[in-house]
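Okay, structure first, notes after.
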Ligand SMILES: [Zn+2]
Ligand SMILES: [Zn+2]
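Residue numbers (our numbering): 4 to 211.
Have a look at this one:
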């Protein structure tokens, strides 16, 4: 009994409660994006993604403390973490505090697709919603150099954040909201098409 109570206590407090920026003390920030690095994520990469997003978006990008990937999201048969579960966890951690929360992990992630069962992906985001997650597991493959890798990760983050701002997959080419469809599509241009970028500019989120 004592252990189960302790476990409930851990569950309740495993997320940091009200997210609060250490410098400003602000709890609720409009157009803010919190980055939550899951354990073992390259810290330098996180800062590079943060600065890539700051250059492109009208938003304060806040770095949260690292957290372990929740074990309940692990899908043992494929050694992957279920991204849908990570989104639920991220949403709980944010508790509406920041406009958006972006989780980043080096682990392989997946989602459930009717025809494929457990389907490996690079990222997933609510559309619309406050949480999205990206994984460096696939984008790090066959990179030319560090810059190429970071570029891919920033584009991936912009794609998943685009979903959270309610952009669906876009048929236009090139557009970073195009569905990857199981391919590496992070090298096909660095911007949204006119339609998607106009929507984000009108929402006051995209610099331009
Ligand atoms: Zn997508
Ligand atoms: Zn588009």
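Don't be surprised by glycine CBs; every beta carbon is placed ideally from N, CA and C.
Counting along the chain, residue 91 sits inside the alpha helix (DSSP H) bounded by residues 86-97.
Remark: the shortest separation between the CB of residue 129 and any heavy atom of ligand 2 does not fall under 7 angstroms. In chain order, the residues with a C-beta atom nearer than 5 angstroms to some heavy atom of ligand 2 are 173, 175, 178, 180, 196, 199. Ranked by Cα distance from residue 70, the first of 41, 95, 164 is 41. Counting along the chain, residue 54 sits inside the alpha helix (DSSP H) bounded by residues 46-59. Short of 8 angstroms from the beta carbon of residue 59, and not among the five residues preceding or following it, lie these beta carbons of its own chain, in chain order: 157, 161, 209, 210. Between the beta-carbon of residue 94 and that of residue 134 there is about 5 angstroms, and that keeps the pair under the 8 angstroms contact cut.
Residue 67 and residue 96 have their C-alpha atoms some 10 angstroms from each other. For residue 160, the enclosing alpha helix (DSSP H) covers residues 149-167. Less than 8 angstroms separates the beta-carbon of residue 138 from that of residue 111. Annotation: residue 203 to residue 48 spans about 25 angstroms, alpha carbon to alpha carbon. Between residue 132 and residue 167, the gap from beta carbon to beta carbon is short of 8 angstroms.
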